[in-house]
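Engineer:
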Amino acid sequence: MIIRVHFYAMLRMTTGVSSVEVETDGPITMRQLIDLACQKTRPQLKGDLLEGPQIKKGTLLLVDGRNVLFLDGLDTMVQGDQVIAFFPPGGGG
Amino acid sequence: MQQYARHAQLFTKEQFVRIQQTRVLVAGAGGLGSTVLQLLTRYGFGEIHIYDDGILDPPDLNRQILYTRRDLGLPKADCAQKLLEAINPDVTIVAHAERLTGESVVPEVDMVVDCLDNFAGRLVLEALFFNRLIPIIHGGASAFFGQVTTLVPGKTPPLSEIYGRRNMEDMPGVPKDIYPPVVTAVASVQASEAVKLACGLTDSLLLNRIQIIDLLTNSFDVTEIR
Numbered sequence: 000m001i002i003r004v005h006f007y008a009m010l011r012m013t014t015g016v017s018s019v020e021v022e023t024d025g026p027i028t029m030r031q032l033i034d035l036a037c038q039k040t041r042p043q044l045k046g047d048l049l050e051g052p053q054i055k056k057g058t059l060l061l062v063d064g065r066n067v068l069f070l071d072g073l074d075t076m077v078q079g080d081q082v083i084a085f086f087p088p089g090g091g092g
Numbered sequence: 000m001q002q003y004a005r006h007a008q009l010f011t012k013e014q015f016v017r018i019q020q021t022r023v024l025v026a027g028a029g030g031l032g033s034t035v036l037q038l039l040t041r042y043g044f045g046e047i048h049i050y051d052d053g054i055l056d057p058p059d060l061n062r063q064i065l066y067t068r069r070d071l072g073l074p075k076a077d078c079a080q081k082l083l084e085a086i087n088p089d090v091t092i093v094a095h096a097e098r099l100t101g102e103s104v105v106p107e108v109d110m111v112v113d114c115l116d117n118f119a120g121r122l123v124l125e126a127l128f129f130n131r132l133i134p135i136i137h138g139g140a141s142a143f144f145g146q147v148t149t150l151v152p153g154k155t156p157p158l159s160e161i162y163g164r165r166n167m168e169d170m171p172g173v174p175k176d177i178y179p180p181v182v183t184a185v186a187s188v189q190a191s192e193a194v195k196l197a198c199g200l201t202d203s204l205l206l207n208r209i210q211i212i213d214l215l216t217n218s219f220d221v222t223e224i225r
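Sequence order for the protein chains is A and B. Going by numbering that gives the first Met the number 0, the letters in the first sequence line up with residues 0 to 92, in that order. Going by numbering that gives the first Met the number 0, the letters in the second sequence line up with residues 0 to 225, in that order.
Now the structure itself:
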């Protein structure tokens, strides 16, 4: 199964790509997806998204448009037919 | 009206009348607010309320296109009002040189444009307006990037159900570095959303979708958000 992760804003700048594909044997957790996305891009991506075991404040990890905070957090299961998007915080005026 | 000759024909007469009757509150008269306020005033909205408690500082001048060096040290809301009234005296412009708080007594408006620079303030907007069934057009910008989404009670969740209320309360401030053109681009999309909302063009609004503007790679993406 191929899961595609879309990066937006500063994450696109730091990873140098707009999306990455990871291959898995089946559904995986968001935590595992982040690890795989780090391997495909840069190890520092994890620090861009997480603060220790928590999602960084203001960072949006979206599964089909829904923030995983309102699902099962980093334990949310993801699979290939879902739209996965990562946004860093950004809301200046 | 001669001033509207280049855009009035884009809409039906009824839609244009609706624009002229629409009352808008613009929260924040900084980078985003400068462009939003100018566009809505030039467009011929009926009544515009400006909320900003800030004083113009030199670093503001790289992107806050309502102001000049003559305005340094002066309240932004008052300077904005003066210029906007000169641009279009047919629009009622009301300056409120104050910060919106949970206790603010706010005017009756039809929509709010969120041009704030922090998420705690956006929670205040949500309590004052979204929870009273007033739509909010959210915009934000940082570095080369920005986003816009339109929040309509009954049709979309509020921002706190997208970001998480606790996250919004303690979200760290965004870096101050900002590419001025992205501010204007984000604000232009917000102003366009305001026009479409006023006209009732609901199907073309950014409802449950977020527009992400990236001027580093020149990409304009829209993705689902709910």
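Glycine residues also receive a C-beta, built at the ideal position from the N, C-alpha and C atoms.
(1) Give, in chain order, every residue of the segment 46 to 75 of chain A whose Cβ lies closer than 8 Å to some Cβ of chain B.
(2) Taking the straight line between their C-alpha atoms, what separation do you get for B/I135 and A/G91?
(3) To the nearest whole angstrom, what separates the beta carbons of A/V21 and A/L44, a pair I think is in contact under 8 Å?
(4) Helix, strand or coil for B/T149 per DSSP?
(5) Does the CB of A/V16 have a neighbour CB from chain B at under 8 Å?
(6) Whose C-beta lies closer than 6 Å to the C-beta of B/A186 among residues of the same chain, with five residues either side of it excluded?
(7) Can you check which of these residues, B/L60, B/Q2 and B/A26, is closest to B/R41 by C-alpha distance?
(8) So, with DSSP's three-state summary, where would you put A/I2?
(9) For A/Q53, count neighbouring C-beta atoms within 10 Å of its own C-beta (all shown protein chains included) and say buried if the count is 16 or more, exposed if not.
(10) Helix, strand or coil: which one does DSSP assign to B/N207?
(11) Evaluate the contact criterion for the segment 83 to 93 of chain B versus the segment 135 to 153 of chain B: three or more CB pairs, one atom per stretch, below 8 Å.
(12) Going by DSSP, name the residue or residues bridged to B/E46.
(13) Using only CA atoms, which one of A/T75, A/K55, A/V77 and A/T14 lies nearest to A/Q38?
(14) Mind listing the chain B neighbours of A/G79? Cutoff is C-beta to C-beta under 8 Å, in chain order.
(15) Starting from the Cα of B/S103, find the closest Cα among B/Q19, B/A85 and B/E125 and give me that residue.
(16) Name the chain B residues whose beta carbon is nearer than 7 Å to that of A/M0?
(17) Give me the subset of the segment 7 to 31 of chain A whose CB atoms are less than 9 Å from a CB atom of chain C, sorted by chain position.
(18) Going along the segment 15 to 35 of chain B in order, which residues come within less than 8 Å of chain A, judged by CB to CB distance?
(19) Under 8 Å Cβ-Cβ, which residues of chain A neighbour B/N61?
(20) Could you check the C-alpha separation between A/G46 and B/H137 for me, to the nearest Å?
(21) Given a threshold of 16 other Cβ atoms within 10 Å of its Cβ, counted over all protein chains shown, does B/F128 qualify as buried or as exposed?
(22) With B/E97 as the anchor, note down where its beta strand (DSSP E) starts and where it stops.
(23) By DSSP, does A/Q53 sit in helix, in strand, or in coil?
(24) Using only CA atoms, which one of A/L59, A/G79 and A/L49 lies nearest to A/V19?
(25) Suppose you measure from the CA of A/P26 to the CA of A/R65; what does that come to, to the nearest Å?
Structural biologist: Checking against the coordinates, here is how it stands:
(1) Sequence-ordered contacts of the segment 46 to 75 of chain A with chain B read K56, G57, L59, L61, D63, G64, R65, N66, L68 and F69 [C-beta pairs closer than 8 Å].
(2) 16 Å
(3) About 12 Å; that fails the 8 Å criterion.
(4) strand
(5) No, A/V16 does not count as interfacial toward chain B.
(6) L31, T34 and V35
(7) B/Q2
(8) strand
(9) exposed
(10) coil
(11) no
(12) B/R22 and B/T91
(13) A/T14
(14) Under the 8 Å cutoff, chain B gives no residues; its nearest Cβ is about 17 Å from A/G79.
(15) B/E125
(16) Those do not exist, as A/M0 stays about 21 Å from chain B at its closest Cβ, beyond 7 Å.
(17) The structure shown contains no chain C; the protein chains it does contain are A and B.
(18) For the segment 15 to 35 of chain B, the residues whose beta carbon sits under 8 Å from a beta carbon of chain A are, in order, G27, G29, G30, L31 and G32.
(19) Residues of chain A passing the Cβ test: none, with the nearest at roughly 13 Å.
(20) Rounded to the nearest angstrom, the two C-alpha atoms are 27 Å apart.
(21) Residue burial is scored here from C-beta neighbours: B/F128 has at least 16 other C-beta atoms within 10 angstroms and is therefore classed as buried.
(22) It is not in any beta strand (DSSP E) - B/E97 carries neither H nor E in the DSSP assignment.
(23) strand
(24) Per the Cα distances, A/G79.
(25) 17 Å
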